[in-house]
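**Student:**
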Amino acid sequence: MAPLRKTERATISAPKGRGELRDQPRWCRRRPTGRQRHLPFAAQPAERQRIGRDELALATRNHGLPLEALRYDVTPPGLHYLLTHYDIPYVPDNTPWPLTVGGRVRRPLQLDLAQLRALPQVTTRVTMECAGNGRALLTPRPISQPWLVEAVGTAEWTGVPLRLLLAAAGVEPDAVDVVFTGADHGVERGVEQDYQRSLPVDVATGTEPEVLVAYAMNGAPLLPQHGRPLRLIVPGWYGMAQVKWLREITVTDTPFTGFQQAVAYRLRQDPADEGRPVTRIEPRALLIPPGFPDFMSRSRVLRPGPVTLEGRAWSGRAPLARAEVSTDDGRTWHEAELEPDGGHRWAWRRWHLDWTATPGEHVLSARATDAAGHTQPLEQHWNRGGFTNNLVQRVPGLCLEPGDTD
């Protein structure tokens, strides 16, 4: 492991650098050319199929949404996807947990949980997705948490609008970024650090989306793994922005250059590429798996006849415009009926389409398009971190012959 470099808490930044994963195998360092089309796992090169010990360790600590749980409008907390960067902090019951608001403000604040709960509260239904969702479908596969398409969930978050706290503190006119520091602490690519992310001041103080300092999930206090007792909720943004175990909010007059902002979570093609930051969630539609599953492959088995294909769709970039379904591996598409959002702008929406299943093999797919014209691709641009991969989902299915029970 590379020598540790301690982050400078005084400047709220981590040392700059590319943070290359030098222990990645040579095949993973190659820069692919053009777009990469998703292949079924069994059809990928052998080196792409191998899951290393470190990846397996990550996968045992984190978990995704079982896709059959897409049936829930609001995901039960135990089924909501979970990614934990470092250790889950232990927070005993009745811990005051002071939250500080400082930096470029006129009136620094320190509030405990009781004071926060006494402030005006908002409850917002939000679909949250990991920035690395779909990473394992890229070729070559970037080495990290090996998500397929399951890193998503929708919850109702209750908390205090961040803009109210910043207004009470009095943000200085020269403010640029607002930095959020969590209590989780660890080492990543040789850098010892607290987990820190930032938002531009106009996002942090805005109302579209309205950022929350949340203390409840689905009407109950946050669970330890979901950030107890405080976390940030940034509707429409990928999960890396939703800082858990939040303890410090710091307003800065310069762009934040901490590790998770300037090194991680950027779209890069090669090590010398400065990259673009990962921000808002790309459109995605997922199928609720029809029929019943094969134990190992999770391929679906169906009976012939009428089948209602249904699922969820969402986008953090613009309101949804449509959801479409293909039953022939993307050759033809049929528009599904998209249900109203019910006033939940930042949450997934249900869609459905009636289909008649015929005996034989089928590949079922769904895709979402938002009002700004962003849609899911059939072929995906590669990037070194495996971020923002919203490749169209492919669900293999076998429809049995009439009377077949196997």
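Those letters in the sequence shown? Residues -10 to 395, per the working numbering, in order. Where a beta carbon is used, it is the ideal one built from N, C-alpha and C, also for glycine. Treat the numbers as computed from the prediction; the structure is a model and nothing was measured.
At which residues does the alpha helix (DSSP H) containing Leu54 begin and terminate?
**Tutor:** Here Leu54 belongs to no alpha helix (DSSP H), and DSSP marks it neither H nor E.
**Student:** Which two residues bound the contiguous alpha helix (DSSP H) that contains Leu102?
**Tutor:** Where Leu102 is concerned, the enclosing alpha helix (DSSP H) stretches over 102 to 106.
**Student:** Excluding five sequence neighbours on each side, which residues of the same chain lie with their C-beta closer than 6 angstroms to the C-beta of Glu400?
**Tutor:** The question about residue 400 has no answer, for the chain in this structure spans -10 to 395.
**Student:** Would you check if the distance between the CB atom of Val168 and the CB atom of Thr268 is smaller than 8 angstroms?
**Tutor:** No. Outside cutoff.
**Student:** What are the residues that DSSP puts in a beta bridge with Arg311?
**Tutor:** DSSP, once it has assigned bridges, lists Thr358 as partnering Arg311.
**Student:** Along the alpha helix (DSSP H) that carries Asp191, what are the first and last residues, could you check?
**Tutor:** 190 to 193 is the extent of the alpha helix (DSSP H) around Asp191.
**Student:** The alpha helix (DSSP H) with Ala158 in it runs from where to where?
**Tutor:** Unbroken alpha helix (DSSP H) run through Ala158: 151 to 158.
**Student:** Please name the residue or residues paired with Ser187 in a DSSP beta bridge.
**Tutor:** Paired residues: Val168.
**Student:** Taking its Cβ as the centre, do 16 or more other Cβ atoms sit within 10 Å of Thr147, making it buried, or is it exposed?
**Tutor:** Burial call: buried.
**Student:** Tell me the DSSP bridge mates of Phe281?
**Tutor:** For Phe281, which the question treats as bridged, DSSP gives the partners Val290.
**Student:** According to DSSP, is Asp343 part of a helix, a strand, or is it coil?
**Tutor:** Strand.
**Student:** Excluding the 5 residues flanking Glu324 on each side, which residues of the same chain have their C-beta closer than 7 angstroms to its C-beta?
**Tutor:** Closer than 7 angstroms at the Cβ level, and outside the excluded window around Glu324, lie Arg311, Glu313.
**Student:** Are the Cβ atoms of Trp436 and Gly216 separated by less than 8 angstroms?
**Tutor:** In the structure as shown, the chain starts at -10 and stops at 395, and residue 436 therefore has no counterpart that could be examined.
**Student:** Alpha carbon to alpha carbon, what distance is there between Gly179 and Asp330?
**Tutor:** So the two alpha carbons sit approximately 44 angstroms from each other.
**Student:** So what does DSSP say about Leu353, is it helix, strand or coil?
**Tutor:** Three-state result, Leu353: strand.
**Student:** Output the boundary residues of the alpha helix (DSSP H) element that contains Gln249.
**Tutor:** 248 to 251 is the span of the alpha helix (DSSP H), which, as asked, contains Gln249.
**Student:** Taking the runs of the alpha helix (DSSP H) that are 4 residues or longer, which of them lie wholly in the stretch 73 to 136?
**Tutor:** The qualifying runs are 102 to 106.
**Student:** Check the C-beta distance from Thr112 over to Val141 and give it rounded, since I have them as a contact under 8 angstroms.
**Tutor:** About 20 angstroms; that fails the 8 angstroms criterion.
**Student:** Under 8 angstroms by Cβ, that's how I've got Leu276 and Cys388 pegged, so tell me the actual separation to the nearest angstrom.
**Tutor:** Incorrect: roughly 15 angstroms between the Cβ atoms, too far for contact.
**Student:** Do the CB positions of Asn83 and Ala144 come within less than 8 angstroms of each other?
**Tutor:** The answer is no: Cβ separation not under 8 angstroms.
**Student:** Whose CA, out of Gly67, Pro366, Gly374, lies closest to the CA of Ala209?
**Tutor:** When only C-alpha atoms are compared, the closest one is Gly67.
**Student:** For Thr239 versus Gly92, is the C-beta spacing smaller than 8 angstroms?
**Tutor:** Yes; because the gap between Cβ atoms is below 8 angstroms, this pair is in contact.
**Student:** Given a cut-off of 8 angstroms on the beta-carbon distance, is the pair Arg106 and Tyr254 in contact?
**Tutor:** No, they are not a contact pair.
**Student:** DSSP on Ala140, reduced to helix/strand/coil?
**Tutor:** Coil.
**Student:** Cβ of Leu188 within 8 angstroms of Cβ of Ala157?
**Tutor:** Against a cut-off of 8 angstroms, the Cβ pair of Ala157 and Leu188 comes out as no contact.
**Student:** If you count every other CB in all the chains shown that lies within 10 Å of the CB of Pro21, and 16 or more means buried, which is it?
**Tutor:** For Pro21, the predicted structure reports a pLDDT of 41, less than 50, and the residue's modelled location is therefore unreliable. A value from the coordinates is still provided. Classification of Pro21: exposed, given that the 10 Å Cβ count is below 16.
**Student:** Can Ala357 and Ser315 be called in contact, C-beta distance under 8 angstroms?
**Tutor:** No, the pair does not count as a contact, with Cβ atoms beyond the cut-off.
**Student:** If you reduce the DSSP assignment to three classes, tell me which class Gln369 lands in.
**Tutor:** If DSSP states are grouped into helix, strand and coil, Gln369 belongs with the strands.
**Student:** Cutting at 8 angstroms between CB atoms, please list the residues of its own chain near Gln182, excluding the five before and the five after it.
**Tutor:** Excluding sequence neighbours, Gln182 sits near Thr(-4), Ala3, His174, Gly175, Val176, Gly247, Phe248, Gln249.
**Student:** For a test of the three-state rule: what should DSSP assign to Ala205, helix, strand or coil?
**Tutor:** Three-state DSSP puts Ala205 in a strand.
**Student:** Say whether the stretch 363 to 379 touches the stretch 276 to 288, bearing in mind that this needs 3 or more beta-carbon pairs closer than 8 angstroms, one atom from each stretch.
**Tutor:** Because the criterion of three Cβ pairs below 8 angstroms is not met, the stretch 363 to 379 and the stretch 276 to 288 do not touch.
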